[in-house]
Every structure is written in C-alpha cells, then in structure tokens.
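Plus 10 on top of the position in the sequence shown (first one is 1) and you've got my numbering.
Below is one structure, written out as structure tokens; the observations come after it.
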Amino acid sequence: MTDEATAPSDAQVKRFGFLSPMLDSALSEMREFSKKKQDGIVGEMKIKILNRLLTEIKEILANEESVAYLDLLSEEQLPQNSDAVLVLGQFRAAMDNFSKRHHRTVGYTSIWATQEWIAENADYEDEDDFDE
Numbered sequence: 011m012t013d014e015a016t017a018p019s020d021a022q023v024k025r026f027g028f029l030s031p032m033l034d035s036a037l038s039e040m041r042e043f044s045k046k047k048q049d050g051i052v053g054e055m056k057i058k059i060l061n062r063l064l065t066e067i068k069e070i071l072a073n074e075e076s077v078a079y080l081d082l083l084s085e086e087q088l089p090q091n092s093d094a095v096l097v098l099g100q101f102r103a104a105m106d107n108f109s110k111r112h113h114r115t116v117g118y119t120s121i122w123a124t125q126e127w128i129a130e131n132a133d134y135e136d137e138d139d140f141d142e
C-alpha cells in the first residue's frame, strides 16, 4: 500500500504524463544516433536539452530509491551516443517503476494512487481493491 507521505501529488502525475513521452522520444532518437555511430559525441545543445528533461524527471522521482542512481549527462566531458542511451534507459526504467509502484486497480480501473486520491479515499485502504 502506498501511503500518503510517499505517494506522488496530482501535480507530479501531471508532469509525469507530459515528460514520459518526451523521454521516450529522446531515447528513441539517441538509439538511432547510436546505431549509426556508437562512439559519436553528443553535442552540447543536445546535452542541455536532455539534461533539462532529466532534471525535471529527477524532481518527480525525488522520493524514489532509484534517484540515487540517476545521473545527468556531463556537459564538461561530452558523452558518446551509447552513454546517452544508457543514461536515458535508466531514467525510463525508473519512470516505469515509479508508475507501477504508484498505480492501483480499483474496481476494473487503473488509477494513480496520489496523495490527493488517498486522502479522499481512505476507506479503500483495507479493501481488496488495492493491489500491493
């Protein structure tokens, strides 16, 4: 059971909703670059764009254990395409875990168990509607 203290807020879920496809797009693009040239260097502008995205994702995942393993791309030592794919893949896995951890099935509907939802639906706490 996710408790209210560790659950995401509605605002975090909203940010998650628009950052997740952006991460998927970035990961897909970097995979394509990596297929063409694994050891190609990621440009400074791409790193700034990616790090802006990754920084916002880290803020959403701040209370997750995985956040300690999520690093931004180095702006000083320009990473190779394959390094960027690895970093973006770690962020994708952390986001997938976050989503799985904070989703619940209530009735036949999958919902985010947010702080607000938990506060409004405290009666579901002891029912079988919450999957652990």
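Every residue gets a Cβ at the ideal spot worked out from N, C-alpha and C, and that includes glycine.
Quick caveat, the model's predicted, so the values are computed rather than measured.
Practice prompt. List the endpoints of the continuous beta strand (DSSP E) containing valine 116.
Written response: Within the sequence shown, residue 116 is the residue found at index 106, counting from 1. Valine 116 -> beta strand (DSSP E) spans 113 to 116.
* **Check whether serine 76 and serine 44 have beta carbons under 8 Å apart** => Mapped onto the sequence shown, residue 76 falls at position 66. Mapped onto the sequence shown, residue 44 falls at position 34. Taking 8 Å as the cut-off, the beta carbon of serine 76 is found no closer than this to the beta carbon of serine 44.
| query | Near glutamate 54, which residues of its chain fall below 8 Å by C-beta distance, leaving aside the five closest residues on each side in sequence? | reply | Numbered from its first residue, the sequence shown carries residue 54 at position 44. The answer, listed in chain order, is Glu85 and Leu88.
Whole-angstrom distance between leucine 82 and glycine 117, CA atom to CA atom:
Against the sequence shown, residue 117 aligns to sequence position 107. Against the sequence shown, residue 82 aligns to sequence position 72. Between the C-alpha atoms of glycine 117 and leucine 82 there is a straight-line separation of about 39 Å.
Distance check for leucine 63 and alanine 78, CA to CA, integer angstroms please.
Residue mapping note: residue 78 aligns to position 68 of the sequence shown, counting from 1. Residue mapping note: residue 63 aligns to position 53 of the sequence shown, counting from 1. Rounded to the nearest angstrom, the two C-alpha atoms are 17 Å apart.
Give the DSSP-derived three-state secondary structure of serine 84 in the structure shown.
Taking the sequence shown and counting its residues from 1, the one referred to as residue 84 is at position 74. Assignment of serine 84 by DSSP, reduced to helix, strand and coil, places it in the coil class.
Could you round the C-beta distance between isoleucine 67 and phenylalanine 28 to whole angstroms and report it? I think they count as a contact, below 8 Å. Here residue 67 refers to the residue found at position 57 when the sequence shown is read from its first residue. Here residue 28 refers to the residue found at position 18 when the sequence shown is read from its first residue. Actually they are not in contact, since the Cβ atoms of isoleucine 67 and phenylalanine 28 sit about 11 Å apart, beyond 8 Å.
- Query: Does asparagine 107 have its Cβ less than 8 Å from a Cβ in chain C?
  - Reply: This model lacks chain C altogether, as it is built from one protein chain only.
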